[in-house]
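Its first residue numbered 35, the sequence shown is counted upward by one per residue in this note's numbering. The structure appears below as structure tokens.
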Amino acid sequence: MNLLAILKVAFRALGRNKLRTALTMLGIVIGVGAVIVLVSIGQGAQSMVLDQISSMGSNMIFIMPGNMSFGGASMGLGAASTL
35 MNLLAILKVA FRALGRNKLR TALTMLGIVI GVGAVIVLVS IGQGAQSMVL
85 DQISSMGSNM IFIMPGNMSF GGASMGLGAA STL
């Protein structure tokens, strides 16, 4: 079959199954819209977090007590160190 015959068969099938065609198109539109919305939300959240981090400045240090271990070695449980 050549390309023209294949297109004729395809459009004939679309015309005969109008409800299925409409529901398929609706599903595709909803799916594409959902992907666009989720990507937009992700980019907006990333931008918001980066703005909050950059607004803190570069002269701020956060110190939090707790048990820290790297590779199995314990760094202590909030032990005070003197300089």
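From the three backbone atoms N, C-alpha and C, an ideal C-beta is built for every residue, glycine too. Treat the numbers as computed from the prediction; the structure is a model and nothing was measured.
Handout entry: Where I62 sits in the DSSP three-state scheme
Key = helix
Handout entry: Proximity of T55 and L48 at Cβ, strictly below 7 Å
Key = yes
Problem - Whole-angstrom distance between P99 and A78, CA atom to CA atom - result: The sequence given here places Gly at residue 78; Ala does not occur at that position. G78 and P99: Cα-Cα distance of roughly 32 Å.
Problem - Beta-carbon proximity list for V66, same chain, < 8 Å, skipping 5 on both sides - result: none
Problem - Rounded straight-line distance, which links the Cα of M35 to that of V43 - result: 10 Å
Handout entry: For I70, the three-state DSSP class (helix, strand or coil)
Key = helix
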